[in-house]
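Residue numbers (the numbering used here), protein chains in the order written: chain B, 371 to 554; chain E, 371 to 554.
All C-beta atoms, glycine included, are put in the ideal place defined by N, C-alpha and C.
Below is one structure, written out as structure tokens, with a few remarks after it.
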DNA sequence: TCGATCATGTAATTGGTTACATGATTGC
DNA sequence: GCAATCATGTAACCAATTACATGATCGA
């Protein structure tokens, strides 16, 4: 989903300034995307030029004038089409996967350490996401709450998947271990 | 993992040309990353300048001269450090998640259709990945095979997770359904 | 008085992709 | 005779980030 569709999506509900938009998805969208002013303002300008949104300027004293953007009918149609358009296939491009690929170059201890640290980080994210449950429940609509649950499940799936890798690492084809097995 | 570390990782085993490198990860790395010449050649040049690799030129007749790159001791150290460096936290930035966030703007039928099509695409990827199992088993080392299994599990986790969303969509708070429930 | 909030925007940089340019050799 | 493989590279472009620039007002 490109920046344009995301901005349109938020503007479907309310007219907003670029500043408001940034805040809006810093709150509810933070988990999957973080957009900066450097991409928002140019995008808004382009969308206005293309007739997807209109601008009303509110003159202000101290601060720069507020530019409130409102979605047009064209914009609404465009957004709804983009929502129904085929999803690009998602690649499981995990940062961990690339490391694992080269794990043969690390010592068994280093492998375990890297993997375990990563698992720790994931569990921390999980805990953090769980802790915001009340806020999400209070503000999200039904589908946004499904998003939240989907995200939580993704994280626990990832944790489980990683744990299985760690288990496999433990079963190191290790001379010492084999010896011990015979001994006991 | 940046392009530099990936290239170094492949050069750890063999000296190679840019062309070889592209082939190497078109085969084994395809699942998580696709790099183009437009990024490989400049990267190699930069790495040579930084002393991570050295170049031997093999004069050729027809084709452009082969430039075989070999990793240096500095390069090896750099690579091993990057392998042990902390992993950047991975965001579950799913293309589907962003759609779901705005599902309130679609009709129940459109929602189900979008979600189900996506599930279909994922199952297809799964089948395709399963079908290359023999080739992977033949060429991958132990850790690369763990990668493969990790990837497969990620896909089935994703499929299961999506199915749960679809189930939740079925339980549409729908007047018709409620009426039917009372009737039966 | 100091930091946060409101509010806009640009410039430099990053990290890539795609398309273009060249051209011999080998196998079908 | 035509496509694929070998082999290099550049130029244009894209989508985004980060840092910079400006400046008032309000609450602790």
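Q: Check whether the Cβ atoms of residue 467(B) and residue 517(E) sit closer than 8 Å, and answer yes or no.
A: For residue 467(B) and residue 517(E), yes; Cβs fall inside 8 Å.
Q: Would you list the one or two residues that DSSP bridges to residue 436(E)?
A: In DSSP, residue 436(E) forms a bridge with 428(E).
Q: Output the residue ranges of the alpha helix (DSSP H) runs that lie fully inside the region 506-543 of chain B and measure 4 residues or longer, sorted by chain position.
A: Qualifying alpha helix (DSSP H) stretches, in chain order: 512-540.
Q | Start-to-end residues for the alpha helix (DSSP H) that takes in residue 456(E) | A | Per DSSP, residue 456(E) belongs to no alpha helix (DSSP H) and is neither H nor E.
Q. Hey, quick one: how far does the alpha helix (DSSP H) through residue 463(B) stretch, first residue to last?
A. Taken as a continuous stretch (DSSP letters only), residue 463(B) belongs to no alpha helix (DSSP H), as it is neither H nor E.
(Q) Please report the straight-line C-alpha distance between residue 389(E) and residue 407(E), rounded to a whole angstrom. (A) Distance between the alpha carbons of residue 389(E) and residue 407(E) is about 8 Å.
Q: Starting from the C-beta of residue 481(B), find all residues in its chain whose C-beta is less than 6 Å away, skip the five residues before and the five after it, and write them out in chain order.
A: Apart from sequence neighbours up to five positions away, the residues of its chain that approach residue 481(B) with a beta-carbon distance below 6 Å are 473 and 539, ordered along the chain.
Q: Kindly list the residues whose CB is nearer than 8 Å to the CB of residue 507(E), restricted to its own chain and excluding five residues on each side of it in sequence; keep chain order.
A: So the qualifying residues of the chain are 515.
Q: Tell me where the alpha helix (DSSP H) around residue 413(E) begins and ends.
A: Segment 407-419, the alpha helix (DSSP H) holding residue 413(E).
Q) In chain order, what residues of the same chain lie with their CB nearer than 8 Å to the CB of residue 385(B), ignoring the 5 residues before and after it? A) Around residue 385(B): 426, 438, 439, 440 and 441.
Q) Does residue 548(B) get closer than 8 Å to chain E when you measure Cβ to Cβ? A) Since pLDDT at residue 548(B) reaches only 49, below the 50 mark, its modelled position is unreliable, and the value read off the structure follows with that caveat. Interface criterion not met: the Cβ of residue 548(B) is under 8 Å from no Cβ in chain E.
(Q) Assuming the contact rule is C-beta atoms closer than 8 Å, residue 465(B) and residue 457(E) should be a hit. Round their C-beta distance to whole Å, please. (A) Right, their Cβ atoms sit about 5 Å apart.
Q: Work out the CA separation of residue 511(B) and residue 551(B) for me, nearest whole Å.
A: Reliability fails at residue 551(B), whose pLDDT of 47 lies under 50, so the model's placement of it is uncertain and no value is given.
**Q.** Where the alpha helix (DSSP H) containing residue 474(B) begins and where it ends
**A.** That residue, residue 474(B), is in no alpha helix (DSSP H); it is neither H nor E in DSSP.
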